[in-house]
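Below: one structure, written as structure tokens.
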Amino acid sequence: MHWTLAIVAGAVLTVASFSRLLSGTPVTPAMVFVAIGILVGPRVIGEIDLSPLSSTVRVLAEATLTLVLFSDASRIDLRALRRDYHLPARLLGIGLPLTIVAGAVAATALYPELPVAEAVVLAILLAPTDAALGQAVVTEPRLPLRIRQGLNVESGLNDGICVPLLLIALAVADVDADVQTGHYAVTVVLEEIGYGILGGIAAGAAAAAVVVLAGRRRLITPMWMQIIPVAGAALAYGIADPLGGSGFIAAFVAGMTFGALLRRDPGDIAAFGEQAGGLLSALTFLAFGAILLGPELGHVTWQAALYAVLSLTVVRMLPVVIALIGSGARWQTAAFLGWFGPRGLASIVFAVLIVEEANLPHTPTILLATYITVGLSVLAHGVSAAPLAIRYARWFTAHPENARPAMESVRVAVHRARGQPAASDRM
Numbered sequence: 349m350h351w352t353l354a355i356v357a358g359a360v361l362t363v364a365s366f367s368r369l370l371s372g373t374p375v376t377p378a379m380v381f382v383a384i385g386i387l388v389g390p391r392v393i394g395e396i397d398l399s400p401l402s403s404t405v406r407v408l409a410e411a412t413l414t415l416v417l418f419s420d421a422s423r424i425d426l427r428a429l430r431r432d433y434h435l436p437a438r439l440l441g442i443g444l445p446l447t448i449v450a451g452a453v454a455a456t457a458l459y460p461e462l463p464v465a466e467a468v469v470l471a472i473l474l475a476p477t478d479a480a481l482g483q484a485v486v487t488e489p490r491l492p493l494r495i496r497q498g499l500n501v502e503s504g505l506n507d508g509i510c511v512p513l514l515l516i517a518l519a520v521a522d523v524d525a526d527v528q529t530g531h532y533a534v535t536v537v538l539e540e541i542g543y544g545i546l547g548g549i550a551a552g553a554a555a556a557a558v559v560v561l562a563g564r565r566r567l568i569t570p571m572w573m574q575i576i577p578v579a580g581a582a583l584a585y586g587i588a589d590p591l592g593g594s595g596f597i598a599a600f601v602a603g604m605t606f607g608a609l610l611r612r613d614p615g616d617i618a619a620f621g622e623q624a625g626g627l628l629s630a631l632t633f634l635a636f637g638a639i640l641l642g643p644e645l646g647h648v649t650w651q652a653a654l655y656a657v658l659s660l661t662v663v664r665m666l667p668v669v670i671a672l673i674g675s676g677a678r679w680q681t682a683a684f685l686g687w688f689g690p691r692g693l694a695s696i697v698f699a700v701l702i703v704e705e706a707n708l709p710h711t712p713t714i715l716l717a718t719y720i721t722v723g724l725s726v727l728a729h730g731v732s733a734a735p736l737a738i739r740y741a742r743w744f745t746a747h748p749e750n751a752r753p754a755m756e757s758v759r760v761a762v763h764r765a766r767g768q769p770a771a772s773d774r775m
């Protein structure tokens with residue numbers, strides 16, 4: 349008899365039973381799920397095929413990221429972002445490319461055998477941030493709203509931005525390793541990006557049309573209204589994938605299209621999809637601990653450990669500091685924004701896709717560095733989120749209201765954090 353389902357359900361019930369208590373401690377749900385995964389390990393869950401190549405892991409990873417990409421993109425108010433773009437633009441337009449460059453430089457320094465193209469793949473794998481791992485940062489009300497929203501928007505958009513970058517980097521690495529020809533690689537990348545965009549626009553428009561047109565005529569019950577965003581995300585993936593497009597790009601574009609056409613935060617109808625995405629994320633972290641991280645803990649090299657430390661510090665923090673030059677940000681703000689770039693869900697899913705689709709000569713090296721970095725991030729950012737958020741908030745609120753730092757005090761629009769109630773107010 350297989351005990352896998354009972355173990356997974358038991359883990360979810362265990363975390364749910366004291367989830368409110370966890371919210372006030374340095375222990376996050378992601379930490380608990382990863383720890384449970386490591387403890388039960390493949391010896392218990394190994395009754396079924398849960399290798400990174402198995403369909404179970406692949407479907408879980410793909411479904412999770414598809415839902416998260418759609419929901420993250422749909423909750424970003426693009427009209428408000430055009431007015432308050434300065435900080436997100438610096439983090440995404442300057443910080444993200446420099447983070448990838450710094451990550452590639454660190455990889456080539458620590459792994460001399462790693463070709464530049466594969467070093468870039470590793471850097472992109474670890475470039476997306478996951479604000480959910482430091483939830484206290486984006487929900488602490490005493491923090492400057494502009495800083496909270498900057499991290500929130502960055503996390504909501506950078507995983508979607510990194511998908512096409514990863515596809516391009518993988519194609520270049522495959523050509524460099526003589527796995528495929530340059531013409532074939534270019535064709536595949538263009539198809540994945542092009543069909544992904546087209547599928548996303550079509551699915552997002554269809555989902556928005558159902559909400560607006562059928563909703564206006566009161567043809568949809570509240571329960572089915574909650575299903576529409578989930579169906580929209582699935583439709584995007586389902587259109588793009590058979591055509592050769594990237595389902596992830598499609599889900600991201602669909603979410604942006606859905607939110608833009610709805611012309612409001614879809615939080616009131618997106619609750620079910622975000623809750624489903626949250627549950628799938630929890631299961632992904634459980635699988636990460638049991639299947640990916642746990643078995644590799646006995647094979648950690650000094651290079652992988654050092655790369656993980658560098659990735660969470662210098663590789664992330666220095667580009668953020670550079671991106672903020674000329675913005676008027678205080679050094680406390682630069683350090684805070686630089687540190688809170690947790691690596692989580694997107695990096696895990698990207699790693700599973702590397703195992704499934706890539707034929708790179710140094711795949712084991714890339715994956716080990718990714719697993720250790722994500723594992724360290726889950727621990728370090730989870731433990732530090734609440735205390736550092738409180739410390740930074742105290743620094744900010746210690747200034748009199750009429751003498752607070754100018755850059756940090758700019759009033760901006762509220763972009764709802766994933767899983768939070770819809771906010772109708774704008775500050």
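Using this note's numbering, you'd call the opening residue of the sequence shown number 349 and step up by one each time. Ideal Cβ positions, reconstructed from N, Cα and C, are used throughout, including at glycine.
Here Y433 carries a coil assignment [DSSP, helix/strand/coil]. Taking the Cα of P667 as reference, the smallest distance to any Cα among L654, A682, L458, V657 is reached at A682. When F744, S422, V363, L685 are compared, the shortest CA-CA separation from P489 is found for F744. The criterion of a C-beta distance shorter than 7 angstroms is satisfied by G552 and F606.
In this chain, D425 is not harboured by any alpha helix (DSSP H), its DSSP state being neither H nor E. Sequence-distant Cβ neighbours of A383 in its own chain, meaning closer than 8 angstroms and more than five residues away, are G637.
Per DSSP, H647 lies in no alpha helix (DSSP H) segment and is marked neither H nor E. For D522, the uninterrupted alpha helix (DSSP H) segment begins and ends at 493-524. Within its own chain, the residues whose Cβ lies closer than 7 angstroms to the Cβ of L654, once the five positions on either side in sequence are excluded, are L458, listed in chain order. Distance from the CA atom of Y543 to the CA atom of V536, rounded to whole angstroms, is 10 angstroms. If you draw a straight line from the Cα of A437 to the Cα of T376, it is about 29 angstroms long.
Straight through space, the alpha carbons of P590 and L369 are spaced by roughly 45 angstroms. Of the candidates A677, L660, A598, L609, the residue whose Cα lies closest to the Cα of L561 is L609. In terms of Cα proximity to S422, the closest of G692, A652, A737, A581 is A581. Relative to E644, the option among Y719, V697, L518 whose CA is nearest is Y719. Taking every protein chain shown into account, the CB of R742 has fewer than 16 other CB atoms within 10 angstroms, so this residue is exposed. In terms of Cβ geometry, A557 and A584 do not form a close pair [threshold 7 angstroms]. For P445 and A454, the gap between their C-alpha atoms comes out near 14 angstroms.
For V697, the CB contacts under 6 angstroms within the same chain, skipping 5 residues up- and downstream, are A409, L413 in chain order. For A598 and A751, the gap between their C-alpha atoms comes out near 46 angstroms. Membership of M571 in the alpha helix (DSSP H) is indicated by the continuous run 570-591. With fewer than 16 neighbouring CB atoms inside 10 Å of its own CB, G358 falls in the exposed class. Just measuring C-alpha positions, the residue of R611, V405, T661 sitting nearest I639 is V405.
When the Cα atoms are used, L727 and Q483 turn out to be separated by approximately 13 angstroms. With the rule of 3 Cβ pairs closer than 8 angstroms, the segment 505-519 does not count as touching the segment 568-581. The DSSP assignment places 595-610 as complete runs of the alpha helix (DSSP H) inside the segment 593-622, in order along the chain (cut-off: 4 residues).
Here the alpha carbon of P492 sits roughly 28 angstroms from the alpha carbon of I448.
For the 7 angstroms CB-CB criterion, F684 and Y740 form a contact. In the three-state scheme derived from DSSP, where H, G and I count as helix and E and B as strand, S725 is classed as helix.
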